[in-house]
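**Student:** First the structure, which I've put down as structure tokens, then a few questions once you've had a look.
Numbering (the numbering used here), first residue to last: 71 to 718.
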């Protein structure tokens, strides 16, 4: 071979100059080329007479197949121990990765068909290291022999991992009779190092969509390695678990779905590196702000879609927290004095420590409406800060390199509280003319009982009613439908405490009476709550955060007389109950306070329940006239001293 001129490093040595490089051992997929030199001395020269370099570092077409597999299949037409076999490659041999070991298809027979694979064969399937002259040589991601440079998790050689983001999550199945399957996660084009592990009785399957819009589906029915949209997939299926691995980069958008197969729940853990396909790109300088006499020129940044190679809305770049929008650059321009000017206009040189002009805003004004949609405003001005930190207003054009902030915005767009009238009760009489009642609530936009409704628009809570049945007997004094407990419940719902921006006790509705007749018990839950004005949501607080007396959480209730018990009200009491309903007061009520002493010391006697009028907040005994609006509980008696008396 022709010799090249000696290099300076070889001029004083015993070696001749290196010869030209040989042809590459492969046409694609990464091969090796070598160069030789001759020792000019009769003695042994120090060093090697051959050197290698990588070549043909371009991806092979999909139909080319695996290089090691090609070398195994070349022995298919050569008999081994008197028999022909179809040979498949055995990869990733930890002891000797550069020998050609092949396995007969469908058999456990593994044979070393050659001591060395061809130069350029990968040592391992997931590595760029290549076999040269039977030895595994380190190859970096820069395709240089001996290089230790590696790809980052984003697939960028010697990168810093800033072009992708780690996505990690977990999915739990939610079995539904109307939904036989569900989406676990959507993995976009270009993602790498995908790994999913399903635990449970359900099954994974794939849906793909290429950039051209072509869709396909793969059921992942059996264990194995296969190719979907030019992406190699490794799938393992176990009785209670499935594992899916894709090294990537994905050449299509993959949607991982789950097909429900059993009553038990399944969970899927997934992890992959998602490329940041939208990145900021700096623009050229905008036109100068002045045609002469000195002006400003600024750059900006635009959001660029790396897949479609087009500019998109800024919101796509804001989606990635790793994306930091580059700061604009400012420079002077058109410094020549204007023709009509008498003198030269001095331009202050731009200082890197001199902040750019910027928009500043005043705080938002209070909303013009507390509900139903209002407007709040603020003032926006362009300011400039000098080197000493002094801020002064400047012309607005100096801030036009960034969008001007809005000066008005809508606020309190939720609906105002509205009255809600519930169904009417039955008429208070069974014949002729009577009254009927209903509960009217003030509800906010979340459907919660609150205040704030206009009293002028409140629907009425009682009206006259006529029962068409003729009256053949005196009208009942106290119809069952208008008993006191029903009206008390209606009034409590109307006058419930609304949640405010200060911690306050908020009682819920009373439960129904524990008995259907006579005296029973009602309970309710009392919470300490506060209204968060920013999010318009209600938060629960510890009870000790609320000041003032806590409303009672239990009380006695009367559900009318039981069979055989009289129910008499005077006309004045009836008028008080039904004519002055708005002035009704629940502060006082009857309660049982133990029993009297037994009427006999032996031989059988009785004890009578003691009924007193109590203040329900202070639990102190009150004058019985204050409990006139509550039905006095019936007399209760119990037996006592039942032991027989001693003989006299």
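The beta-carbon is built from N, C-alpha and C at its ideal position, and this holds for glycine as well.
Keep in mind it's a predicted model, so treat the numbers as computed, not measured.
1) Give the secondary structure of residue 615 by DSSP, where H, G and I count as helix, E and B as strand, and everything else as coil.
2) I'd like the ranges of any alpha helix (DSSP H) spanning at least 4 consecutive residues and lying wholly in the stretch 110 to 163.
3) What would DSSP say about residue 277, mapped onto helix, strand or coil?
4) I need the DSSP call for residue 515, collapsed to helix, strand or coil.
5) Verify whether the separation of the beta carbon atoms of residue 342 and residue 464 is less than 7 Å.
6) Report yes if the C-beta distance between residue 303 and residue 316 is below 7 Å; otherwise report no.
7) What distance in whole Å lies between the Cβ atoms of residue 683 and residue 668, which are believed to be in contact at a cut-off of 8 Å?
8) Can you find the residues in the same chain that come closer than 7 Å, C-beta to C-beta, to residue 288, ignoring five residues on each side of it along the sequence?
9) Along the chain, where does the alpha helix (DSSP H) containing residue 384 start, and where does it finish?
10) Rounded to a whole number of angstroms, what is the C-alpha to C-alpha distance between residue 440 and residue 525?
11) Since residue 172 and residue 188 are thought to touch, with beta carbons under 8 Å apart, how far apart are those beta carbons, to the nearest angstrom?
12) Using a Cβ-Cβ cut-off of 7 Å (strictly less than) and excluding sequence neighbours within five positions of residue 227, which residues of its own chain qualify?
13) Determine which residues share a DSSP beta bridge with residue 730 and list them.
14) Looking only at C-alpha atoms, which of 673, 396, 681 sits nearest to residue 665?
15) Is it the case that the stretch 375 to 387 contacts the stretch 354 to 362, given that we only count it when at least three CB pairs across the two stretches are under 8 Å?
16) Under a three-way DSSP split, which group does residue 435 fall into?
17) Any idea which residues DSSP pairs residue 252 with across the strands?
18) Return the CA-CA distance between residue 164 and residue 142, expressed in angstroms with no decimal places.
19) Would you tell me roughly how many angstroms separate the C-alpha atoms of residue 322 and residue 354, rounded to the nearest one?
20) Determine the contact status of residue 427 and residue 469, defining contact as a CB-CB distance below 7 Å.
21) Do residue 107 and residue 85 have their CB atoms nearer than 7 Å?
22) Would you call the stretch 223 to 239 and the stretch 175 to 189 touching, i.e. three or more CB-CB distances under 8 Å?
23) Name, in chain order, the residues that DSSP records as bridge partners for residue 178.
24) Could you give the DSSP three-state label for residue 398: helix, strand or coil?
25) So, using beta-carbon positions, are residue 671 and residue 616 closer together than 7 Å?
26) Where does residue 691 fall in DSSP's three states?
27) Using a 10 Å radius around the Cβ and a threshold of 16 neighbouring Cβ atoms, would you call residue 715 buried or exposed?
28) If you compare alpha carbons, which of 344, 337, 369, 270 is closest to residue 352?
29) According to the neighbour-count rule (16 or more other Cβ atoms, all chains shown, within 10 Å of its Cβ), is residue 709 buried or exposed?
30) So the candidates are 391, 311, 271; which of them puts its Cα closest to the Cα of residue 333?
31) Taking residue 294 as part of the beta strand (DSSP E), name the residues at either end of that continuous run.
32) Classify residue 430 as helix, strand or coil using the three-state DSSP reduction.
33) Return the Cβ separation of residue 623 and residue 594 in integer angstroms, given the expectation that the two are a contact with Cβ distance under 8 Å.
34) What would DSSP say about residue 526, mapped onto helix, strand or coil?
35) Give me the Cα-Cα distance between residue 337 and residue 433, rounded to the nearest whole angstrom.
36) Since residue 743 is in the beta strand (DSSP E), which residue starts that stretch and which ends it?
**Tutor:** Concretely, from the data shown:
1) helix
2) 137 to 143
3) strand
4) coil
5) no
6) yes
7) Wrong, their Cβ atoms sit about 25 Å apart, outside the cutoff.
8) 275, 276, 298
9) 384 to 388
10) 17 Å
11) No, residue 172 and residue 188 are not in contact; Cβ-Cβ is about 14 Å, not under 8 Å.
12) 211, 212, 219, 221
13) The displayed coordinates of the chain run from 71 to 718. Any statement about residue 730 would go beyond what the structure contains.
14) 681
15) no
16) coil
17) 328
18) 19 Å
19) 33 Å
20) yes
21) yes
22) no
23) DSSP lists no partner for residue 178.
24) coil
25) no
26) strand
27) exposed
28) 369
29) exposed
30) 271
31) 294 to 298
32) strand
33) 6 Å
34) helix
35) 48 Å
36) Shown here, the chain extends from 71 to 718; a query on residue 743 therefore has no answer.
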